[in-house]
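Undergrad: In terms of this note's numbering, the sequence shown is residues 2 to 391.
From the three backbone atoms N, C-alpha and C, an ideal C-beta is built for every residue, glycine too.
If you're wondering where the values come from, they're calculated on a predicted model, not measured in any experiment.
Have a look at the structure that comes next, please.
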Amino acid sequence: MARKLKPIITFIATISLAEITQATSIYDDQYTRFDIYGQIRLINSWDTEKNKAIIGDDGSRIGLFAEHKLPHEVKVFGNIELGLDTQKSNSNNPNSQFQLYNRVGYVGISHAEYGKVQLGRTYVPIDSVAKSNLGYNNTGVLYFADVLSRNTGISSGYVKQENGNTIYRGTGQDIFTLRLPHTIYLETPLFKGVKFAGSYSRPSEGSAERDHSDILHAYSLGIFYQNALGFELATGWAEAVGEKNQTGKKPQDNMFALGVKYIFPDKTVSIGIDYGRLQSTNVVVAGKTLTPTSVTGKWSAHLYSIGAKWHWPESDTGLYAGYGLRAGDKRTFDYTKQTYTLGVDKDFAVMKSKQLLLYMEMAYNHLHSKNQAYEKDNWFLVETGLRFFF
């Protein structure tokens, strides 16, 4: 059985274009530096859909970054980052057993005038396009995986066994717009506020180990601009193609994204707007049973979001709000989901290069679909969270 690519998608990436924003240096001489960094993330959430409170981990991770300077302004570097669920135990129960899993692992080389190249499991350029995700788990809209997902990267969108038949919804996991292994990543230096980036991913397994929908190849492109006046613009494209099935067809997904952000001169107010378009050519395994609620064929969805945040530097307190709309076409049963978000957060400078962040986020979700599989149309969510950066 081929190893499936299942990156975690329940949190917003905080490392932009593979640059580590906070770290503690454990060794630093004139030429070589080792940094350790990480985040402990805890969350308490309650929503009217489940009618219960859940306390758990929200994507904690720890990483090690190394860099060595060579002559002529050349640097070689490497980064490995592991994710963990801090609330799991060491029991023999696989559902509660503590484990580390690979999030990021790459090596690279850079030059101040020519940019950088890195190889391994890394973020891809389109990850850094979003500008409206000014909150935490409920702001931003450049994903569509909560209900429909896409099919490249997991075998055929398996749902369940029913009366001896395998039931397929026709879609699989959204996996190609986050971290991808076996990837080459290129990035130019910043020139007059503009930076270009691109990535290309290939499979590693042998042909005998491959399953339908395993990634055959994927690529992503991004253009990023910012100026001293507080204006930021980013756009990107990503595409993934999966292995063909018995019908000889290959699943294919693509995504276009555009983000705009403006930070006001006093640095206390920022506003971001995003637009995205997803398309999926969904190939179902021949001979498999589909339910009336299956999403099949070539479908598309438009994604819109806006976010604003007010920050008071005297108290390191923020207030933010956001709105997001995901709108699918008729092949998705005219699925639409609207999310209204309001939240507050506060930073605490615990010690040098250490930060403690507390937040409370409220979100109202309204879902409408002609698909009978979705019975809950409206629900309210409250989350409180703690994040310690080191």
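Tell me which same chain residues have a C-beta within less than 6 angstroms of the C-beta of Q88, skipping the five on either side of it?
TA: Closer than 6 angstroms at the Cβ level, and outside the excluded window around Q88, lie G57, D58.
Undergrad: What are the uninterrupted segments assigned as alpha helix (DSSP H) that are 4 or more residues long and contained completely in the region 19-63, given in chain order?
TA: Listed in chain order, nothing qualifies, since the region 19-63 has no complete alpha helix (DSSP H) run of 4 or more residues.
Undergrad: With burial defined as no fewer than 16 other Cβ atoms inside 10 Å of the residue's Cβ, what is the status of G84: buried or exposed?
TA: So G84 counts as buried.
Undergrad: Rounded to the nearest angstrom, what separates S17 and I274 at their Cα positions?
TA: Summary for S17: the model assigns pLDDT 36, below 50, so the residue's position carries little reliability; its value from the coordinates is reported in the next sentence. Those two C-alpha atoms are separated by around 18 angstroms.
Undergrad: Just verifying my parser: in three-state terms, what is the DSSP assignment at D348?
TA: Of the three classes helix, strand and coil, the one that applies to D348 here is strand, per DSSP.
Undergrad: Who pairs with F381 in a beta bridge, going by DSSP?
TA: BP columns for F381 point to Y365.
Undergrad: State the Cα-Cα distance for the pair G173 and S92, rounded to the nearest angstrom.
TA: For G173, the predicted model reports a pLDDT of 34, less than 50, meaning its position is unreliable; a value from the coordinates is still stated below. Near 30 angstroms, if we compare the C-alpha coordinates of S92 and G173.
Undergrad: Beta carbon of V105, beta carbon of G39: below 9 angstroms?
TA: No. Outside cutoff.
Undergrad: Suppose only complete runs of 4+ residues qualify. What are the alpha helix (DSSP H) ranges in the region 296-323, listed by chain order?
TA: Listed in chain order, there is nothing to give.
Undergrad: Any idea what DSSP makes of R104, helix, strand or coil?
TA: It is a strand residue.
Undergrad: In the DSSP assignment, what residue or residues form a beta bridge with F257?
TA: Paired residues: W238, R278.
Undergrad: Kindly indicate if chain B contains any beta-carbon less than 9 angstroms away from that of D215.
TA: Looking at the structure shown, chain B is missing, and only one protein chain is on hand.
Undergrad: What residues in its chain sit with their C-beta under 6 angstroms from that of A24, if we drop five residues either side in the sequence?
TA: Cβ neighbours of A24 beyond the five flanking positions: D36, Y38.
Undergrad: List the endpoints of the continuous beta strand (DSSP E) containing L181.
TA: Where L181 is concerned, the enclosing beta strand (DSSP E) stretches over 180-188.
Undergrad: Do you know offhand how far D175's Cα is from V75's?
TA: Model confidence at D175 stands at a pLDDT of 37, short of 50, so the residue's coordinates are unreliable and nothing is read from them.
Undergrad: Assign S129 to one of three DSSP states: helix, strand, or coil.
TA: Residue state, collapsed to three classes: helix.
Undergrad: For K353, count neighbouring C-beta atoms within 10 Å of its own C-beta (all shown protein chains included) and say buried if the count is 16 or more, exposed if not.
TA: With fewer than 16 Cβ atoms within 10 Å of its Cβ, K353 is classed as exposed.
Undergrad: Using alpha carbons as the reference points, say which of Q119, A229, D215, A235 lies closest to K250.
TA: With distances taken between Cα atoms, K250 lies closest to D215.
Undergrad: Under 9 angstroms, do L279 and L304 count as touching if we go by C-beta distance?
TA: Cβ atoms of L279 and L304: closer than 9 angstroms.
Undergrad: Mapping the DSSP letters down to three states, classify K331 as helix, strand or coil.
TA: If DSSP states are grouped into helix, strand and coil, K331 belongs with the helices.
Undergrad: Which residue from G141, E233, V345, E240 puts its Cα closest to that of S200?
TA: When each option's Cα is compared against that of S200, the closest is E240.
Undergrad: Just to confirm, are Y102 and N80 a CB contact at a threshold of 9 angstroms?
TA: Not closer than 9 angstroms, so no.
Undergrad: Would you mind working out which of I185, E233, L234 sits nearest H218, comparing C-alpha positions?
TA: Answer by Cα proximity: I185.
Undergrad: Helix, strand or coil for N80 per DSSP?
TA: Strand at N80.
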